[in-house]
Amino acid sequence: MTTISTIPMTSLRSQASRRSSPVPSAAWHLSDVEALFELPFMDLLFEAQRTHRQHFNPNEVQLSTLLSIKTGGCPEDCGYCPQSAHFDTGVEASKLMPLVEVVAAAKAAKAQGATRFCMGAAWRSPKARDIESVSRMVEEVKALGMETCMTLGMLDEGQAQALEEAGLDYYNHNLDTAPEFYGKIISTRDFQERLDTISNVRKAGIKVCCGGIVGMGESRSHRAGLITELANLEPYPESVPINQLVRVPGTPLADSEPVDPFEFVRTVAVARITMPTAMVRLSAGREQMDEALQALCFVAGANSIFYGDRLLTTSNPQAERDRALLARLGIQVQS
Ligand code: SAM
Ligand code: DTB
Ligand code: SF4
């Protein structure tokens, strides 16, 4: 019988604690991460919850609200994305949103209880004048007393530096999937370009928000490969969004086989164990999950959600419903 004690959990545990120290540490091996995925569900969740409780209040969740500041018409061909100009998804391309509208949306998000405001643009990479415009947005949203996050595509070192000077707290740039599977999903850029932007963001002193998507037809080994890459970033990201694919008609992945819900929970748990001090965000796809499944994700160590009726172009549970769910679970909102 396979039990938790026959899996190399002791070595995984010490590896997990080493990862949170500033001292350079041994890398996670794909086989270790695959072994976590293979654990009996109860053992995996127990280990994830144990790790979670070492670093966080288990009854607290952080709320981030998303706003699409520049929607659609993106030159990249990410197979999951409704905003790519390569696919006919009915998403209209728009120009960059005016500053006053962004600030009004941030104020509304704050009034609803969000502490972080995440602004997303459907760009391959921003132009110099875009960086100027979005820097004003960062300054004004920060002045409201909210944390700021942006996701604008690839950044060079100078662009990352300019955003840091504007006061940007987090930059979201996902690895999305394992390097071996990446080329099946996106052809207009490669995995190394993602790593380069993350490195530029780090060098500028901005916190990294980096995660991926589950449910794109990848194997368990690919899911383990994604988590291995994330956990081996030096240091691992402060924030790790785990998205379930939102299957948008018109995208190449619209007919992907839905992933087993327990496999999604396992992915959250493995992210928690391998990146013990990161905020793990239960991200896109919550509207397609029932409340019991979301609660299991919190047990597995998720401690952040996207909050508000919209993600970027697709819908998210109503804020009121989320508040009711958190109240039923006795979960407080992080202030
Ligand atoms: N253009 C920028 C980029 O790709 O980095 C920023 C915006 S992009 C929409 C941000 C992230 O949203 C993607 O990396 C992907 O992880 C996620 N995403 C996009 N479409 C999705 C979908 N249909 N389901 C789940 N996640 C999705
Ligand atoms: C992330 O990992 N998920 C968010 C955020 N970072 C930018 C985006 C989800 C987008 C879902 C599809 C849409 O609404 O267009
Ligand atoms: Fe463009 Fe980002 Fe969508 Fe890819 S995920 S098509 S880069 S908006």
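Under the numbering used here, read the sequence shown as residues -3 to 331, first letter to last. We treat Cβ as the ideally placed atom computed from N, Cα and C, and that holds for glycine. Please read these numbers as outputs of a predicted model, since none were measured by experiment.
Distance, Cα to Cα, residue i vs residue j?
i: threonine -2; j: phenylalanine 52; result: Note that threonine -2 has pLDDT 41, beneath the 50 cutoff, so the model's placement of it is unreliable and no number is given.
i: valine 276; j: glutamate 143; result: 16 Å
i: proline 254; j: arginine 216; result: 13 Å
i: valine 396; j: alanine 220; result: For residue 396 there is no data in the structure shown, the boundaries of the chain being -3 and 331.
i: alanine 265; j: threonine 61; result: 23 Å
i: alanine 315; j: proline 245; result: 25 Å
i: proline 20; j: lysine 203; result: Note that proline 20 has pLDDT 44, beneath the 50 cutoff, so the model's placement of it is unreliable and the number below is only indicative. So the two alpha carbons sit approximately 19 Å from each other.
i: glutamine 157; j: glycine 201; result: 8 Å
i: leucine 151; j: methionine 93; result: 20 Å
i: phenylalanine 337; j: leucine 59; result: This structure cannot speak to residue 337, because the chain is shown only from -3 to 331.
i: glycine 68; j: lysine 91; result: 9 Å
i: asparagine 196; j: glutamate 153; result: 5 Å
Classify residue i as helix, strand or coil using the three-state DSSP reduction.
i: alanine 323; result: helix
i: cysteine 114; result: strand
i: glycine 208; result: strand
i: valine 329; result: strand
i: threonine 263; result: helix
i: threonine 309; result: coil
i: arginine 15; result: Note that arginine 15 has pLDDT 45, beneath the 50 cutoff, so the model's placement of it is unreliable and no number is given.
i: methionine 318; result: Strictly speaking, residue 318 in this sequence is aspartate, with methionine absent from that position. In this structure, aspartate 318 counts as helix in the three-state DSSP scheme.
Say yes only if the C-beta of residue i is nearer than 6 Å to one or more non-hydrogen atoms of the ligand SAM, and no if none qualify.
i: threonine 263; result: no
i: aspartate 186; result: no
i: threonine 173; result: no
i: alanine 89; result: no
i: threonine 67; result: no
i: asparagine 196; result: no
i: threonine 147; result: yes
i: asparagine 239; result: yes
i: isoleucine 182; result: no
In the DSSP assignment, the alpha helix (DSSP H) including residue i goes from what residue to what residue?
i: tyrosine 178; result: 175 to 181
i: threonine 193; result: 187 to 200
i: serine 27; result: 26 to 34
i: leucine 40; result: 37 to 51
i: valine 99; result: 95 to 108
The ligand DTB heavy atoms versus the CB of residue i: any closer than 6 Å?
i: threonine 310; result: yes
i: asparagine 170; result: yes
i: alanine 280; result: yes
i: leucine 307; result: yes
i: valine 242; result: yes
Could you give the first and the last residue of the continuous beta strand (DSSP E) run that contains residue i?
i: phenylalanine 302; result: 300 to 302
i: methionine 146; result: 143 to 147
i: arginine 277; result: 275 to 278
i: glutamate 136; result: It is not in any beta strand (DSSP E) - glutamate 136 instead sits in the alpha helix (DSSP H) that spans 124 to 139.
i: glutamate 57; result: Here the sequence assigns valine to residue 57, which means glutamate is not the residue at that position. Per DSSP, valine 57 belongs to the beta strand (DSSP E) from 56 to 66.
Examine chain C for any beta-carbon lying closer than 7 Å to the beta-carbon of residue i, and answer yes or no.
i: serine 27; result: The displayed structure is made up of one protein chain only, and chain C is not part of it.
Less than 6 Å between the CB of residue i and some heavy atom of the ligand FAD, yes or no?
i: glycine 116; result: The ligand FAD is not part of the structure shown, which contains the ligand SAM, the ligand DTB and the ligand SF4 as its ligands.
> Quick one, what's near the ligand SF4 if you take every residue whose CB is closer than 5 Å to any heavy atom, in chain order?
Replying inline: Cys70, Glu72, Cys74, Cys77, Gln79, Ser80, Ala118
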